[in-house]
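Line by line, the protein sequences give chains A and B.
Residues in the first sequence are numbered from 6 upward in steps of one, following the working numbering.
Residues in the second sequence are numbered from -11 upward in steps of one, following the working numbering.
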Amino acid sequence: GDSVTQMEGPVTLSEEAFLTINCTYTATGYPSLFWYVQYPGEGLQLLLKATKADDKGSNKGFEATYRKETTSFHLEKGSVQVSDSAVYFCAAPSGANQAGTALIFGKGTTLSVSS
Amino acid sequence: GAVVSQHPSWVICKSGTSVKIECRSLDFQATTMFWYRQFPKQSLMLMATSNEGSKATYEQGVEKDKFLINHASLTLSTLTVTSAHPEDSSFYICSGQLAGEINEQFFGPGTRLTVL
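Structure representation (structure tokens):
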């Protein structure tokens, strides 16, 4: 079945360090892929997305490229800040790539950035 | 982006009572709304999918008689936890999806339920 596998944390970095959080998926076809971020005590916010293979999603300095050959959607940021400390979730549709389909989430990766 | 609200943001109740959680899409019409449950330090688990005006579709293992979902309008869905027990304590999150939109969902801030 469809699934999302995400590297487990926690990830602890110093400010301005480079960040990579790995995410791979198994799915039928080439679905849209998402990264969500959850700050402490809050709900999920969409960080970025890619709707087709080879697309690059980007937002707030974060990037992820949809690579169909490796079925991956790794999240990267060149220089993290303390304010980036949060839990990051990779997500993909649970079934058909169509309206009304729920998302399945990776287990989440906790990022802690210290100054 | 589209905004989803949840009310209440947290609730404490006694075992055996029922709790209703509201999920509203504030600036868009959500044809489909989803309810998720999140345990501490874990991922979100889909509980049910609801489409406006029809019965919700529950995931395997979720008791539909315990978790009542109503999606009466394009901007409001409610989750009622009936006869709550301590094991129902969790973080409940709803999301709304725009009509015709493929996959992207907008999430509410979540409701923390504690059952004593």
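Ideal placement from N, C-alpha and C gives every residue a C-beta, glycine not left out.
The alpha-carbon separation between residue 102 of chain B and residue 80 of chain B amounts to approximately 11 angstroms. Listed in chain order, the non-local C-beta contacts of residue 13 of chain B below 6 angstroms within the same chain comprise -8, 63 and 84, local neighbours out to five positions each way being set aside. Bridge partners of residue 98 of chain A according to DSSP: A:108. Taken atom to atom, the span from the alpha-carbon of residue 68 of chain B to that of residue 16 of chain A is near 37 angstroms. Within the segment 90 to 104 of chain B, the residues whose Cβ lies closer than 7 angstroms to some Cβ of chain A are 90, 91, 92, 93, 95, 96, 97 and 98, listed in chain order. In the DSSP assignment, residue 84 of chain B falls within the beta strand (DSSP E) that extends over 78 to 86. Under the Cβ criterion of 8 angstroms, residue 68 of chain B is not counted among the residues facing chain A.
In this structure, A:27 is the residue among A:31, A:27 and A:63 with its C-alpha nearest to the C-alpha of residue 12 of chain A.
Taking 8 angstroms as the cut-off, the beta carbon of residue 38 of chain B is found closer than this to the beta carbon of residue 57 of chain B. In this structure, the beta-carbon distance from residue 37 of chain A to residue 55 of chain A falls below 8 angstroms.
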